[in-house]
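The structure appears below as structure tokens.
Protein chains in written order, with the numbering used here: chain A, 1 to 228; chain B, 1001 to 1409.
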């Protein structure tokens, strides 16, 4: 069974009188363990697509099944549980909590699923180990570089044993060298079986994936394997 | 439990981040709670002072005065016409169900002499039950007994002021003094009662058996009649019943036809004081209400700051929602934050309010009364203010769209 199954998915925004079709009639399947790059210019609908896949948004029409669950029929809180347990997010702007230590940022998702503080600490340390930030666990955000902050965000994404990581322009704010490090980290996670969905508009970043989907004007214009 | 602790930790951190803002917001609650506590404390103290004074007079008291004579158009004042008898007193005690006890009293001024000291005071002839009715204890010696009344013995109880003025440091019990030249043995000294609300010294009295007073001191009384009766009702609730019962009984006993005026007066001594207490209660409620308004304003201040805080932290809320915070997690976080503000403010307010009421009590010469109930109410109220005024901002925060919130700059 595929991990993500999307059929005739549409997302329409209503802005005053105008209807904007951000996505129209998308059908797509992603299996467990894939590393998918999604490319497209601004306004092509790739972010909208990722928001729906990431259970942050709901489709206007069509179906989205995540591991067999019809996500479109779930309530706001049920979606929150899915995001908490199955999905990890990595954003361009890192989206970490300021004035909070590194380890507390990593622990954040665990606050919302009732694990004890001891387990929280253990899992957070394990996640920091994965991204190589163990020695920075008590640093505050303003003491960390951009690359370190993004690694922290990745630690937060994997701390709850998420099976999918959604990365929206994860290297957009980083220099080339750091970008490469971050992409290597994604490759490492993917090799451990985590499905990675990467949204980018940079071709050299997209080529880290093994499948490339191109979006334009809310539609998929190409979907190809890019095995290397 | 564990996650509640974390919620509090998050709230504290958020409040610490904006120390000045948090402190000013808290100030609103501090002033509100302090005002409520101080107003309630002062009100309670005023009421306590009045009821203390009432208790020195004796509670649930009714006075039955004999009627007034008039000679040549000049009325001589209550008690001058001997219309109340010992039998009336017995009848009131036995036949009025709302009455607990009755003491007939004969009173008049008199000069008292002990050795080379003399003192002018009020002589009260009464039955032993007068002490019970006035709720008065003996400090030393023994009280009057029925036998003293039956035998008209020449014994007396001294009020504290009399004892101090005539005897100084000497123990008066067992000595013999002269009341209007008649020798009396002092059998006891009464405890000090202090002044009445009208400023009379209640300790400037000498109690003697009523029979002795009539026969040996005042002399000119008609046998079997008394000046007035002190009556104690069973409780404050039946005071009015007692007054009515006494009136009905005496009209019947004195054979007063309907429409004819009473030849006696029944006075409810507690009425005035009840009125004073009721007025104080109204004042307390009024002051409390005004103070509550400042608490309300403080609450609105919290709501305002929480709304600002929600807007400022839109991105943080977005992050929390994205990583799996449920509606209630977000709501709880902001409610706890508002509650923390108001509870800390409330605690400071309680301390401040108590200090304030102690100071006011000192200046206004009132007893200091800090009732635990008012503390509990103030604490509960400030926590309630936090929940109430924190809820709307929290509700607003919990409904944010995570996508928009994450993009918020």
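All C-beta atoms in this analysis are idealised placements derived from N, C-alpha and C, irrespective of residue type, glycine included.
Does the CB of residue i have a neighbour CB from chain B at under 9 Å?
i, result
"residue 173 of chain A", "no"
"residue 89 of chain A", "yes"
"residue 151 of chain A", "no"
"residue 109 of chain A", "yes"
"residue 96 of chain A", "yes"
"residue 100 of chain A", "yes"
"residue 85 of chain A", "yes"
Quick check on the burial criterion: 16 or more other C-beta atoms within 10 angstroms. Buried or exposed for residue i?
i, result
"residue 202 of chain A", "exposed"
"residue 35 of chain A", "buried"
"residue 57 of chain A", "buried"
"residue 1278 of chain B", "exposed"
"residue 170 of chain A", "buried"
"residue 1363 of chain B", "exposed"
"residue 1423 of chain B", "This structure leaves residue 1423 of chain B out entirely; chain B is present only between 1001 and 1409."
"residue 1255 of chain B", "exposed"
"residue 17 of chain A", "exposed"
"residue 1282 of chain B", "exposed"
"residue 1167 of chain B", "buried"
"residue 1400 of chain B", "buried"
"residue 1411 of chain B", "Outside the shown range of chain B, which is 1001 to 1409, sits residue 1411 of chain B, and nothing can be said about it."
I'd like the list of long-range same chain contacts for residue i, defined as Cβ closer than 7 Å, with 5 residues on each side in sequence excluded.
i, result
"residue 212 of chain A", "37, 39, 206, 224 and 226"
"residue 1344 of chain B", "1026"
"residue 1113 of chain B", "1177 and 1178"
"residue 1057 of chain B", "1196 and 1269"
"residue 1030 of chain B", "1345, 1348, 1349 and 1352"
"residue 1410 of chain B", "In the structure as shown, chain B begins at 1001 and stops at 1409. Residue 1410 of chain B is therefore absent and cannot be evaluated."
"residue 1150 of chain B", "none"
In terms of residues, what are the limits of the beta strand (DSSP E) holding residue i?
i, result
"residue 1400 of chain B", "Looking at the DSSP string, residue 1400 of chain B is not in any beta strand (DSSP E), and its letter there is neither H nor E."
"residue 62 of chain A", "61-66"
"residue 168 of chain A", "164-168"
"residue 1268 of chain B", "1264-1268"
"residue 1116 of chain B", "That residue, residue 1116 of chain B, is in no beta strand (DSSP E); it is neither H nor E in DSSP."
"residue 1207 of chain B", "1205-1209"
"residue 25 of chain A", "18-30"
"residue 8 of chain A", "4-15"
Contact criterion: CB-CB distance below 9 Å. Does residue i meet it with respect to chain A?
i, result
"residue 1323 of chain B", "yes"
"residue 1331 of chain B", "no"
"residue 1278 of chain B", "no"
"residue 1299 of chain B", "no"
"residue 1326 of chain B", "yes"
"residue 1305 of chain B", "no"
"residue 1017 of chain B", "yes"
"residue 1316 of chain B", "yes"
"residue 1376 of chain B", "no"
"residue 1047 of chain B", "no"
"residue 1403 of chain B", "yes"
"residue 1335 of chain B", "no"
"residue 1021 of chain B", "no"
"residue 1373 of chain B", "no"
"residue 1406 of chain B", "yes"
"residue 1369 of chain B", "no"
"residue 1319 of chain B", "yes"
Following the continuous alpha helix (DSSP H) through residue i, name the residue where it begins and the one where it ends.
i, result
"residue 152 of chain A", "146-158"
"residue 1238 of chain B", "Residue 1238 of chain B -> no alpha helix (DSSP H), and no H or E assigned at all."
"residue 1328 of chain B", "1327-1364"
"residue 200 of chain A", "Residue 200 of chain A -> not in any alpha helix (DSSP H); beta strand (DSSP E) instead, spanning 195-200."
"residue 109 of chain A", "102-111"
In chain order, what residues of the same chain lie with their CB nearer than 6 Å to the CB of residue i, ignoring the 5 residues before and after it?
i, result
"residue 167 of chain A", "90 and 198"
"residue 1397 of chain B", "1310, 1317, 1330 and 1334"
"residue 1001 of chain B", "Residue confidence for residue 1001 of chain B is low, a pLDDT of 45 falling below 50, so the modelled location carries little weight and cannot support an answer."
"residue 1341 of chain B", "1025, 1026 and 1302"
"residue 1163 of chain B", "1172 and 1189"
"residue 1011 of chain B", "1336, 1337 and 1340"
"residue 1274 of chain B", "none"
So, does the CB of residue i fall closer than 9 Å to a CB anywhere in chain E?
i, result
"residue 1006 of chain B", "Here the protein chains are A and B, and chain E is not one of them."
Using a Cβ-Cβ cutoff of less than 8 Å, which residues in the same chain neighbour residue i once the five nearest sequence positions on both sides are dropped?
i, result
"residue 1124 of chain B", "1105, 1106, 1107, 1130, 1205, 1206, 1207, 1208 and 1213"
"residue 41 of chain A", "201 and 216"
"residue 149 of chain A", "94, 96 and 141"
"residue 186 of chain A", "35, 154, 165, 167, 170, 196, 198 and 208"
"residue 1091 of chain B", "1249 and 1253"
"residue 1408 of chain B", "1314, 1315 and 1318"
Since residue i contacts residue j with CB under 8 Å, what's their CB separation in whole angstroms?
i, j, result
"residue 1353 of chain B", "residue 1037 of chain B", "3 Å"
"residue 1291 of chain B", "residue 1032 of chain B", "7 Å"
"residue 1433 of chain B", "residue 1228 of chain B", "Outside the displayed span of chain B (1001 to 1409) sits residue 1433 of chain B, for which this structure offers no information."
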